[in-house]
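Take any residue in the sequence shown, note its place counting from 1, add 91, and you have its number in my numbering. For each residue, glycine too, the CB sits at the ideal point set by N, CA and C.
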Amino acid sequence: MKYGFEDHCWKDIVSDDLLEIYKAYERETYIGKRPALLAIDLYNAAYKGGAKPVIELQGEYPSSCGIHAWDAIEPTKLLFAKARELGIPIIHTTRDTHTKSPTKIRSTKRKLKNITDDAYEIFEAFAPQSEDMIIYKSRASAFFGTPLTAYLNMMDIDSLIVVGESTSGCVRASVVEGYSNGFHITMVEECCFDRSPLSHKVNLFDLHHKYADVMHIDEALEHLNARRPAITNAG
C-alpha cells in the first residue's frame, strides 16, 4: 500500500498549520541497502501485567507499557520473521545489569521500583537466537558507551530498522544518535510503543521529519520484499 508522508498516527494531534511549517521535510522514504534490525529494550519489564491500560498497572508494574506493548507484539513478530528470512542481522538492547558499582547510571531520571530478577531479560516472543547480538547499555541510547557502532561497521551495515520502547525515551535517543553517526534510520510505527500515546505520536512525528523514515509495518515488509536480492546477497 502506498502511504502519504503524513499518513501516520499523529494526524489527529497535528494541525494543518504545523504540517505546512514542516513541509520542507517531505521526501521519499526508504530502507537502506544493508540494514540491521535494532530492537530497543523489548525486555520483560515492558510487558508485565499483561495487555491492560498502563494506569491500571502502575502500582504493581510501574515499568510496564501495558496494552501498548502487547499491541506491538504481532507486527514486531512479522518484522523479526522477515529479518530472519532475509538474513538481516538482529540486534537487541537491554539494561546493563552486569557492571558493579556503588552508584548506578540510569537511562532516565524515573524512579525504579518493583524490579524483578527477570525484568531485563528479552521477552519470550523475541527471544534472541544464537546469531543475534545483545547490546547492554546504561544510558538511553543504544550507542552511548557501547560497541554498537564498531559492530555495525564490521558488518558493513549502512542503515537501521528500529523497533521497541519507549518511543520518547530510549528509541528516540538511539535514533538521533544513529542518525548522527551516519546511519539511515527507518522506524516501524506499529512496532514502537510508549507508556503515553501522546508522547508516542509527538515523538514519531518529530523523528519522522528530522531524523528517520517512519513506515507502517506493511509498507516496511513490502520494501524488504522488493529488495530481497540486494539484502540476501549483501556480503
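So, at 6 Å on beta carbons, what are the nonlocal neighbours of residue 324 in its own chain, with the 5 sequence-adjacent residues on each side left out? Reliability fails at residue 324, whose pLDDT of 43 lies under 50, so the model's placement of it is uncertain and no value is given.
By how many angstroms is the C-alpha of residue 113 removed from the C-alpha of residue 300? Their Cα atoms are separated by approximately 7 Å.
Runs of beta strand (DSSP E) lying entirely within the stretch 285-312, each at least 3 residues, in chain order: Along the length of the stretch 285-312, whole beta strand (DSSP E) runs at least 3 residues long occupy 304-306, reported in chain order.
Is the Cβ-Cβ distance between residue 122 and residue 277 less than 7 Å? Yes. Within cutoff.
Does the stretch 219-227 touch the stretch 137-152, meaning 3 or more C-beta pairs lie closer than 8 Å? By the C-beta criterion, the stretch 137-152 is judged not to be in contact with the stretch 219-227, since fewer than 3 inter-stretch pairs fall below 8 Å.
Classify residue 107 as buried or exposed, calling it buried when 16 or more other Cβ atoms lie within 10 Å of its own Cβ. Answer is exposed; the Cβ neighbour count stays below 16.
Sufficient close CB pairs (3 or more, under 8 Å) joining the stretch 131-142 to the stretch 209-217: Per the Cβ contact rule, the stretch 131-142 is in contact with the stretch 209-217 (3 or more Cβ pairs under 8 Å).
Write down the C-beta distance between residue 233 and residue 167 rounded to the nearest angstrom, noting that I regard them as a contact closer than 8 Å. Between residue 233 and residue 167 the beta-carbon gap is near 16 Å, outside 8 Å, which marks them as no contact.
Can you tell me where the beta strand (DSSP E) with residue 250 in it begins and where it stops? Membership of residue 250 in the beta strand (DSSP E) is indicated by the continuous run 250-256.
Backbone CA spacing between residue 231 and residue 270 [nearest angstrom]: Answer to the nearest angstrom: the Cα atoms are 15 Å apart.
Count the other CB atoms, across all protein chains shown, that sit within 10 Å of the CB of residue 292; report buried if there are 16 or more and exposed otherwise. Under a 10 Å Cβ-count criterion, residue 292 is classified as buried, with 16 or more other Cβ atoms of the shown protein chains found around its own Cβ.
Rounded separation between residue 142 and residue 165 - CA only: Counting only the Cα atoms, residue 165 lies some 13 Å from residue 142.
Indicate the three-state DSSP secondary structure (helix, strand or coil) for residue 137 in the structure shown. It is helical.
Please go through the same chain and pick out, in chain order, the residues whose beta-carbon is closer than 6 Å to the beta-carbon of residue 138, but skip the five residues on each side of it. Answer for residue 138: 160 and 214, listed in chain order.
Cβ-Cβ separation, residue 282 to residue 170 (assumed contact under 8 Å), whole Å: Contact holds; Cβ gap of about 6 Å.
8 Å Cβ shell around residue 236 - same chain, five flanking residues per side excluded: Beyond the five residues adjoining it in sequence on each side, residue 236 comes within less than 8 Å, by CB distance, of 228, 229 and 230 in the same chain, given in chain order.
Among the candidates 316, 250, 172 and 105, whose CA atom is the shortest distance from the CA of residue 302? Of the listed residues, the one whose Cα sits closest to residue 302 is 250.
Please work out which residues of its chain come closer than 7 Å, Cβ to Cβ, to residue 187, disregarding the five sequence neighbours upstream and downstream, and give them in chain order. Correct list, in chain order: 227, 228 and 229.
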